[in-house]
Structure formats: C-alpha cells, structure tokens
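Right, one structure below, let's go through it.
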Amino acid sequence: MSSAMIATSSSALAYATLAELSTEMQTFDAILDNTGAYHTSPPSHPALPVEIMLLIREELQSSLVYRAADDAVRALDTYEAAVRRSLCGDCLAYNQDVFGDDIWRWRWSGPCACRADRRRRHTHRETRPFRTLGDWLEHHLSSRTPASSIREAMSLVLGRHGCQSSALLPSAASSVGTLPETFVITASPSAVARCQGRIGEDTEWCSEIVLRKARRDLGLAVAASLDFALQKKIDAPGNPMTKEPVRQHSTILPSYALSAVAGGCAAVLTLPIVSIAFVVLVTCHYVRPSGVRVF
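Just so you know, we're using the working numbering here: the sequence shown kicks off at 453 and counts up by one.
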C-alpha cells in the first residue's frame, strides 16, 4: 500500500472545489475535452498545443481559487458586522468587555430584545447563529456549490482527479459537525491501477503521479497560501471566558504572509492575460475564421 499523500486544510480544499465546479472552469474543461487535451484521440479541429491549454487552465484555476477565498472573507466580514448590529449598545459593549472583539467567543444566539427594539430584531431575524466559525464556513461553502453540501462537492472533485479522503467517505460525510481542520488526500486504487496499466510503474510511483497532477490541476498550493486570511480567525472552542490572546506575529508569519500575498498578486496580475487567451480560444472554437490559423 502506498504511503503517498497530500495534507491540506479544509478551507483550502473547499476553495479549490468551488473553483473546479465553477461555470468558467466547466466551460474551459469542455473545450479541453473537445480538443483532445484530456484524451489520446486527435482533436476535431486545429487548437492550441496541449501544453499551452493546460497552462491556461492552471492559471484560470488559480484565479478562481483566489475569487472563492476572497468571497469567503468578504462574506465572513458581512456576517460578523450583522451580528454586531443585532445587539444594542449596552449588550455589544458587555460582550466586547467580557469576551473580547472576536464574536465567536460571545456564543451569540440571536438579536437581543433589550428595550423591546422590535425593529432591530426584525432586521436581523435572518441572521442565523452558528456555534463556531467552522460551522459558519461549512454553511457558507455549501451554499456556493451546486452539490447538496461542500462535503459532497469535495468528494466529487477529488474523485474526478483520481483521489479520495477518508474524511469524506459515506460514514464520515454523513456525520453532523464541523469539517475537519485537515484533510489527508490519497490516490484512489482505481486511478493507481489505470496509471500502472499505462506506464507499468509500481504503486508508489503511480500514486505520486496521481497526487502531483491533482495538486497542480486543483491549485491546492495557491489555495493553501490564501487560506491564512480565515485561519487567523480560527480559535479552539475552549472556554468562552478565555482571555483573548494578544495579537502579535510569530517569527514564521512574515515569510508565510509574504508568500501568500505574492501568490494572490500573481493570480490577480495574470487574470487579464488568462481572460484574453480564454476569449481568443472560445472565439476560435466557435467562429473559426478561415483567415486565422491557430497553432
């Protein structure tokens, strides 16, 4: 049995999953299938070289991962602001003085009823309480996927890339609770068997091939670098009376944050190039003017 594996955070895998299931990526993958980039059969019409097509896909996936992460951070800020607005000035001051500024230590269960402020309760009646940030994140991510839940979407996407995770098996996926903090991803036996049938290598080597390809195609490295924006808010449930820790950076954080920012900037800077290439590719695919030769 192979020991090859990938360990990644739940939110990083979720960002990659949402990017993979986006309409933009589905459209691009359909073009790849039609041009033969994913198959050994010859393309139905002239197309860009397979290497360039896959490079464009990799950049597009990175941009979509960045968008999913940015959407999660914005949604979290909106939710936390709504929670604060649902409390009167006295209740808000009490929670901040006793528990700190982090709303996830407040054990918020809904708008306060102080001074019979019915207008405030009516305005925030749809603001749903969550026990932990992890519960909120799973709910938010599930609402952004066409699948019934983010767990199901993760399992579907990993399966497409010949991978699996024990945390997403039917027995684990059906359990109620927050997503595990870390997912361990391994190559599925069927994907390893197909690899061995094509190149004749051993199980360990084929497992590495499947996992490295999945890491690249899903943009897991980019997703992990962007994950710090939410990870900084995650704290063990513990005792709600625990004093809020002093906000300070460790000696590791600067280089980690720098790489994350660099990855995000790279994704943003390459977006115009990817967009132009995508438009040209789609135009050539559907219009195919006789005067244009596509290499």
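Glycine included, each C-beta is placed from N, C-alpha and C at the ideal position. Computed from a prediction, not measured in an experiment: that's the story for all the values here.
My output table needs one value for residue i: the three-state DSSP class, helix, strand or coil.
i: ALA565; result: coil
i: SER461; result: strand
i: SER607; result: helix
i: PHE582; result: coil
i: ALA639; result: strand
i: SER618; result: helix
i: THR634; result: strand
i: VAL698; result: Residue placement at VAL698 cannot be trusted, given a pLDDT of 33 that sits under 50; what the coordinates show is reported in the next sentence. Note: VAL698 maps to coil in three-state DSSP.
i: LEU539; result: coil
i: ALA599; result: coil
i: ARG559; result: coil
i: HIS591; result: helix
i: ALA456; result: coil
i: SER474; result: coil
i: PRO501; result: coil
i: ASP549; result: helix
i: ASP669; result: helix
i: GLU653; result: coil
i: ASP554; result: coil
i: PRO692; result: Only weak support exists for where PRO692 lies, its pLDDT of 35 falling under 50; the value from the coordinates is given anyway. Note: PRO692 maps to coil in three-state DSSP.
i: VAL732; result: helix
Hey, out of the options, whose CA is closest to residue i's CA?
i: GLY671; options: ARG559, SER515, ASP549, LEU593; result: SER515
i: LYS665; options: MET606, CYS647, PRO501; result: CYS647
i: GLY614; options: SER640, VAL636, LEU507, THR630; result: SER640
i: LEU608; options: SER461, TRP556, MET457, ALA468; result: ALA468
i: ILE725; options: ASP485, THR475, ALA456, GLU510; result: GLU510
i: SER455; options: THR638, ASP481, LEU610; result: THR638
i: SER461; options: TYR546, ARG557, PRO632; result: PRO632
i: ALA466; options: ALA545, LEU610, ARG580; result: LEU610
Are the CB atoms of residue i and residue j nearer to each other than 7 Å?
i: ARG596; j: LEU470; result: yes
i: ALA524; j: THR634; result: no
i: ILE662; j: THR655; result: Rather than Ile, the amino acid found at residue 662 in this sequence is Val. Contact flag unset, no.
i: LEU620; j: MET606; result: yes
i: ALA673; j: ILE508; result: no
i: VAL636; j: MET457; result: yes
i: THR630; j: GLY586; result: yes
i: LEU484; j: MET505; result: yes
i: HIS591; j: ALA527; result: no
Exposed or buried, which one is residue i when buried takes at least 16 other CB atoms within 10 Å?
i: VAL535; result: buried
i: SER538; result: buried
i: PRO563; result: buried
i: SER561; result: exposed
i: VAL734; result: exposed
i: ARG557; result: buried
i: CYS658; result: buried
i: VAL517; result: buried
Quick one: measure Cβ to Cβ for residue i and residue j, integer angstroms, because I've assumed they're closer than 8 Å.
i: ALA464; j: ALA676; result: 4 Å
Any heavy atom of the ligand FAD inside 6 Å of the beta-carbon of residue i?
i: GLU510; result: Although the ligand FAD was asked about, the structure shown includes no ligands whatsoever.
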